[in-house]
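Visitor:
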Ligand SMILES: [Zn+2]
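Residue numbers (this note's numbering): 1 to 401.
1. So the candidates are 387, 240 and 133; which of them puts its Cα closest to the Cα of residue 199?
2. Is it the case that the CB of residue 273 approaches a heavy atom of ligand 1 more closely than 7 Å?
3. Taking residue 337 as the reference, give the member of 184, 281, 390 and 306 with the closest Cα.
4. Which class does residue 370 belong to by DSSP, given the choice of helix, strand or coil?
5. Can you tell me whether DSSP reads residue 282 as helix, strand or coil?
6. When the Cα of residue 356 is compared with those of 20, 332, 342 and 108, which residue comes out closest?
7. Which word fits residue 61, buried or exposed, when buried means at least 16 other C-beta atoms lie within 10 angstroms of its C-beta?
8. Could you tell me whether the Cβ atoms of residue 274 and residue 299 are closer together than 8 Å?
9. Under 7 Å Cβ to Cβ from residue 70, same chain only, skipping five residues before and after it: list those, please.
10. Looking at the structure shown, is residue 38 part of a helix, part of a strand, or coil, going by DSSP?
11. Would you say the beta carbon of residue 281 is closer than 7 Å to some non-hydrogen atom of ligand 1?
12. Out of curiosity, what's the CA-to-CA distance linking residue 122 and residue 317?
13. Among residues of its own chain, excluding the 5 on either side of residue 290, which ones have a beta-carbon nearer than 6 Å to its beta-carbon?
14. With DSSP collapsed to three states, give me the class of residue 338.
15. So for residue 387, helix, strand or coil by DSSP?
16. Please list the terminal residues of the continuous beta strand (DSSP E) segment that includes residue 32.
17. Helix or strand or just coil, what does DSSP make of residue 70?
18. Going by the C-beta, is residue 284 closer than 7 Å to any heavy atom of ligand 1?
19. Counting only runs that start and end within the region 72 to 152, where is the beta strand (DSSP E) found for 3 or more residues in a row?
20. As a quick exercise: from 161, 222 and 232, pick the residue whose alpha carbon is nearest that of residue 127.
21. Pairs of beta-carbons, one from the region 190 to 204 and one from the region 43 to 54, closer than 8 Å: are there three or more?
22. Tell me residue 196's beta-bridge partners as DSSP assigns them.
23. Do you know offhand how far residue 120's Cα is from residue 377's?
24. So for residue 179, helix, strand or coil by DSSP?
25. Report whether the distance from the Cβ of residue 278 to the nearest heavy atom of ligand 1 is below 7 Å.
26. Only counting runs of 4 or more residues, tell me where the alpha helix (DSSP H) segments fall wholly within the region 295 to 320, in order along the chain.
27. Using 8 Å as the cut-off, can you tell me whether the region 17 to 26 makes contact with the region 50 to 67, which would need three or more C-beta pairs spanning the two stretches below that distance?
28. Considering only residues of the same chain and omitting the five flanking positions on each side of residue 244, which have a CB-CB separation below 8 Å?
29. By the three-class DSSP mapping on this structure, what secondary structure does residue 333 have?
30. Per DSSP, what are the beta-bridge partners of residue 2 in this structure?
31. Residue range of the alpha helix (DSSP H) that residue 172 falls in?
32. Taking residue 101 as the reference, which of 242, 231 and 217 has the closest Cα?
33. Roughly how many whole angstroms lie between the Cα atoms of residue 313 and residue 227?
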């Protein structure tokens, strides 16, 4: 792979051994659509390691053996690419970038990132906004990134919005981040300007410790995507931007509660389709409604019926994505047996007691936050959430086994 940046415009060329159908960190096959993309709202003089890591979040799935950047990277970044992916990276020759003092929040506006923002009330936001690609037709036009950007811009927080068409480099299954980390590409290029030493993501307990729900379904302390000692964690750290997961120890029930009790309540939006509010008809809306109803201890409020395609997966046998939250909902929602989740009840014996761990914070998640930002998160979790008991910790560590 050869990559060239011109300002915020990235173009890349595949080597003979590279592949059009690549694999992302979660093993999902991803097909390349086009070999260029742009990131707007970023400076063109960032440290070369930042350009390199930003490029890697985009081209990683399609790169097999080596990557040649258009400017020298530090030995640290080259080593992280080699140790993490077996990739020969060069040219090497830059001084490493020292981590700055500031932590920014990668802010989507969903409940998880709002919860992360609540823990650090002074942290600036970086918001990623999808824009159309010049050459790739948009086959997913109902994604209202304009609505999400507007919500992010009016929180009262300092916010840098980066615009990008990088999701259109991916043709199949649909436009999206080639790697989950590509959402940070703009934040990386802003790292010098914002003096960043850390970037906080809203990945919660399920994504960090329980295998992300979708492709794995077991306790994953060595999660290659989000563990600080995983390959992505080490690569970001090599560029002086530590991955920080402020809500990595709590479930989506807790992030939902924190978001709805926060001053950003009116800015929370997990649905990518709605304009004046969540659409109420997509799979995400249904899943989040389950969590919200459980948190608010009220009946499920949805017009989605069991015959709708978005309901289909709940009629099948588990495992389900986000299964821990399904169990949590089944145990808490009054009248759940009369909803489209009735079938799922056959497979679980969930009770309030067996799911109480999902109301508390897994302590190891606090331990892995870098020292300069740890105390604030620890104090927040102790006072606002509560730490897991030993029994609850065991629930996490035996998940899926
Ligand atoms: Zn929706």
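Here a beta-carbon is modelled for each residue, glycine too, at the ideal position from N, C-alpha and C.
Guide: This is what the structure gives:
1. The residue labelled residue 199 in the question sits at position 199 within the chain shown. Answer by Cα proximity: 240.
2. In the chain shown, the residue the question calls residue 273 occupies position 273. For ligand 1, a non-hydrogen atom lies closer than 7 Å to the CB of residue 273.
3. Here residue 337 corresponds to residue number 337 of the chain shown, with the count starting at 1. Nearest option by C-alpha distance: 306.
4. Translated into positions along the chain shown, residue 370 becomes position 370. It is coil, neither helix nor strand.
5. Residue numbering aside, residue 282 sits at position 282 when the chain shown is read from its first letter. Shown here, residue 282 sits in coil according to DSSP, grouped into three states, outside any helix or strand.
6. The residue you call residue 356 lines up with position 356 of the chain shown. Ranking 20, 332, 342 and 108 by CA distance to the CA of residue 356 puts 332 first.
7. In the chain shown, residue 61 corresponds to position 61, counting from 1. By the Cβ-count criterion, residue 61 is buried, with 16 or more other Cβ atoms from all chains shown falling within 10 Å of its own Cβ.
8. Taking the first residue of the chain shown as position 1, residue 274 is located at position 274. Taking the first residue of the chain shown as position 1, residue 299 is located at position 299. The answer is no: Cβ separation not under 8 Å.
9. The count along the chain shown starts at 1 and reaches residue 70 at position 70. Excluding sequence neighbours, residue 70 sits near 3, 4 and 5.
10. Here residue 38 is taken as the residue at index 38 of the chain shown, counted from 1. Note: residue 38 maps to strand in three-state DSSP.
11. For the purposes of this step, residue 281 is taken as residue 281 along the chain shown, with counting starting at 1. Yes; taking the cut-off as 7 Å, the Cβ of residue 281 has a heavy atom of ligand 1 nearer than that.
12. Here residue 122 corresponds to residue number 122 of the chain shown, with the count starting at 1. Here residue 317 corresponds to residue number 317 of the chain shown, with the count starting at 1. One C-alpha to the other measures close to 44 Å.
13. One-based indexing of the chain shown puts residue 290 at position 290. Sequence-distant Cβ neighbours of residue 290 in its own chain, meaning closer than 6 Å and more than five residues away, are 329.
14. Taking the first residue of the chain shown as 1, we reach residue 338 at position 338. Helix.
15. Locating residue 387 in the chain shown gives position 387, where the first residue counts as 1. Per DSSP, reduced to three states, the secondary structure at residue 387 is strand.
16. Indexing the chain shown from 1 puts residue 32 at position 32. Per DSSP, residue 32 belongs to the beta strand (DSSP E) from 29 to 32.
17. Within the chain shown, residue 70 is the residue found at index 70, counting from 1. Strand at residue 70.
18. Here residue 284 corresponds to residue number 284 of the chain shown, with the count starting at 1. Under cutoff, so the answer is yes.
19. Complete beta strand (DSSP E) runs here, min 3: 88 to 92, 102 to 106 and 125 to 130.
20. On the chain shown, position 127 is the one that residue 127 refers to. Nearest to residue 127 by C-alpha distance, out of 161, 222 and 232, is 161.
21. With a cut-off of 8 Å, the region 43 to 54 and the region 190 to 204 count as touching, because enough Cβ pairs lie within range.
22. For the purposes of this step, residue 196 is taken as residue 196 along the chain shown, with counting starting at 1. Note: residue 196 sits in a beta bridge opposite 102.
23. As a first step, residue 120 must be located in the chain shown, where it is residue number 120. As a first step, residue 377 must be located in the chain shown, where it is residue number 377. When rounded, the distance between both Cα atoms is 8 Å.
24. Walking along the chain shown from the start, residue 179 turns up at place 179. The three-state reading of DSSP puts residue 179 in coil, since its state is none of H, G, I, E or B.
25. Within the chain shown, residue 278 is the residue found at index 278, counting from 1. With a threshold of 7 Å, the Cβ atom of residue 278 counts as near ligand 1, since some heavy atom of the ligand is closer than that.
26. As far as the region 295 to 320 is concerned, it has no whole alpha helix (DSSP H) run of at least 4 residues.
27. Touching, yes.
28. Sequence index remark: in the chain shown, residue 244 carries index 244 (1-based). Shown here for residue 244: same chain residues with a beta carbon closer than 8 Å to its own, the five before and five after excluded, namely 103, 198, 199, 200, 201, 369, 370 and 373 in chain order.
29. Sequence index remark: in the chain shown, residue 333 carries index 333 (1-based). In the structure shown, residue 333 sits in coil (DSSP, three-state: anything other than H, G, I, E or B).
30. The count along the chain shown starts at 1 and reaches residue 2 at position 2. DSSP output for residue 2 lists 13 and 68 as bridge partner(s).
31. For this step, residue 172 is matched to residue 172 along the chain shown. Run containing residue 172: none in the alpha helix (DSSP H); it sits in the beta strand (DSSP E), 170 to 172.
32. Here the question's residue 101 lines up with position 101 in the chain shown. For residue 101, the closest C-alpha among the options 242, 231 and 217 is that of 242.
33. Taking the first residue of the chain shown as 1, we reach residue 313 at position 313. Taking the first residue of the chain shown as 1, we reach residue 227 at position 227. So the two alpha carbons sit approximately 29 Å from each other.
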